[in-house]
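As structure tokens, the structure follows; a few thoughts come after it.
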Amino acid sequence: MNLFEWRSLLNALSEPVLLINKSREIILANGIAQELFGRRIEGSDFARAIRHPAALHHVDRVLAGNIIGPEPNTVFRLAGSIATTYKLSVTRIEERTGTSSTFMIALKDISHILEAEQMRSDFVANVSHELRSPLTALTGFIETLKGSAKDDPDARARFLDIMEREASRMNRLIDDLLSLSTLETNERIRPVSKASVPNILSRVIATVSPQAEANNKTINFITPDFEGIVNGDEDELTQLFHNLVENAVKYGRADSEINISISQNDNLIIAIKDAGEGIPPEHIPRLTERFYRVDSGRSREKGGTGLGLAIVKHIINRHRGRLIIESVVGEGSTFTVELPLANASG
Ligand SMILES: Nc1ncnc2c1ncn2[C@@H]1O[C@H](COP(=O)(O)OP(=O)(O)OP(=O)(O)O)[C@@H](O)[C@H]1O
Ligand SMILES: [Mg+2]
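Residue numbers for the sequence shown follow our numbering, so the first one is 33 and each next one is one higher.
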């Protein structure tokens, strides 16, 4: 093949590819490689494209013929506006004529694979950590009950209460994890049934009310004069609003009000507004990550698993909706959910 044919072939690829000669000069850069390293990269030393020492060393070894057999890969990270990790492979291209050698350098962006691996291992670490703390508490109290507290009925009753609380926290954690995994499996499948959001909200508020009253908090909600029907799964929507209303109660100030409003245009818009301490802006984008908490000590103390908003996000995605979080530190937060109305979305 001549250079022209090589160019049209390599331009058809969606990953950056370079051809270099034995003195490391770039003789051809495909379109993607030019976008990455600059239009005028052809003719210059390969080191101008990739300055990464490990990558250079690898290329040099292949060029010098020090590697016998299939050339291995090297993985390196390019810092840019978005740091990207590439797998680089160098292959000698056999020429039928002449003695000059050409080498093909192919780069493969493997960032997303590494990210997924990282997320998976973070997740396992998080789950283990979350399960370990109630377990440690349980083991500790069992020891105490077998030993020093054996003949102390008051202490025994107190410890059993704590143990019950810790055990139910583990239960909740496992329930939430199972919900998340079911939701992830179904996320692409649209719900087929219909559900009335105002009815769901009224029921959720009735469930959460005792918790609010215990802290002297009032939940205000005026039932609207429209039906507010969406294509949705009743149980999932209940879980979604239960989480948000419960958060408003949990993180609202004592003696404060929680205002829930519902309106409609093309969408149904539900806003849950609390008067709490609010959320500093740097935390807002991360709130829907699994186990992300602004103040983890306080959330755990309130029995939270830190999975509530992750579940909320998945339910909203499945219902093709949107979640908007606004918050002013010291004043409170508003969580707004937008869901397409059943007649609008068909
Ligand atoms: N209305 C709110 N006001 C202030 N902070 C909030 C509010 N809602 C959520 N947060 C913050 O976001 C974090 C994540 O919320 P999320 O509902 O996912 O977990 P949680 O409430 O801690 O636990 P769970 O919902 O599983 O019981 C909370 O720990 C809290 O720091
Ligand atoms: Mg919550």
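Beta carbons: idealized from backbone N, C-alpha and C, even for Gly.
Legend entry - Close Cβ partners of ALA376 (< 6 angstroms) along its chain, the five nearest in sequence each way excluded: Per-residue confidence for ALA376 stands at a pLDDT of 49, beneath the threshold of 50, marking its modelled position as unreliable; no derived number is given.
Inset, instruction - Report whether the distance from the Cβ of LYS282 to the nearest heavy atom of ligand 2 is below 8 angstroms. - result: yes
Inset, instruction - Count the other C-beta atoms from every protein chain shown that fall within 10 angstroms of the C-beta of VAL49, then say buried if there are 16 or more, exposed otherwise. - result: buried
Inset, instruction - Could you check the C-alpha separation between HIS84 and VAL107 for me, to the nearest Å? - result: 10 angstroms
Inset, instruction - In the DSSP assignment, find the unbroken beta strand (DSSP E) run with LEU300 in it and report its ends. - result: 299-306
Inset, instruction - Flag this pair as yes or no: are the beta carbons of LEU215 and ASN275 separated by less than 9 angstroms? - result: no
Inset, instruction - Note down, one range per segment and in chain order, each beta strand (DSSP E) of at least 3 residues found wholly within the region 187-248. - result: 226-228
Inset, instruction - Could you check the C-alpha separation between VAL277 and VAL236 for me, to the nearest Å? - result: 8 angstroms
Legend entry - Reduced DSSP category for THR270 - H, G, I as helix; E, B as strand; rest coil: helix
Legend entry - GLY75 beta carbon less than 9 angstroms from that of ILE59: yes
Legend entry - Proximity winner among ILE357, ASN105, THR168, relative to ILE137 (alpha-carbon distances): ASN105
Legend entry - Contact check, LEU163 vs LYS140, beta carbons under 9 angstroms: no
Inset, instruction - Report the rounded CA-to-CA distance for ILE290 versus LEU319, giving the unit in angstroms. - result: 20 angstroms
Legend entry - Length of the line joining the Cα atoms of GLY338 and VAL326: 10 angstroms
Inset, instruction - For LYS249, count neighbouring C-beta atoms within 10 Å of its own C-beta (all shown protein chains included) and say buried if the count is 16 or more, exposed if not. - result: buried
Legend entry - The alpha helix (DSSP H) enclosing GLY335, as first and last residue numbers: No alpha helix (DSSP H) holds GLY335; DSSP gives it neither H nor E.
Legend entry - Near ligand 2: GLY364 beta-carbon under 8 angstroms from a heavy atom: no
Inset, instruction - Please report the residue range of the alpha helix (DSSP H) in which ASP154 lies. - result: 143-178
Legend entry - Stretch-stretch touch, CB-based, cutoff 8 angstroms, three pairs: the region 258-276 with the region 220-232: yes
Inset, instruction - Verify the contact flag: GLU278, CB atom, against every heavy atom of ligand 2, threshold strictly below 8 angstroms. - result: yes
Inset, instruction - For the region 163-175 and the region 140-154, state whether three or more C-beta atom pairs, one from each stretch, are separated by less than 8 angstroms. - result: no
Legend entry - Segment limits, alpha helix (DSSP H) that includes PRO85: 85-95
Legend entry - Length of the line joining the Cα atoms of GLU126 and PHE135: 9 angstroms
Inset, instruction - Taking LEU355 as the reference, give the member of ILE347, ILE343, VAL369 with the closest Cα. - result: VAL369
Inset, instruction - Look up ARG109 in the DSSP assignment and give the residues it is bridged to. - result: THR117
Legend entry - C-beta atoms of LYS282 and LYS345 nearer than 9 angstroms: no
Inset, instruction - Could you check which residue in ARG201, MET151, PRO372 has the C-alpha nearest to that of SER295? - result: PRO372
Legend entry - Near ligand 1: ASP287 beta-carbon under 8 angstroms from a heavy atom: no
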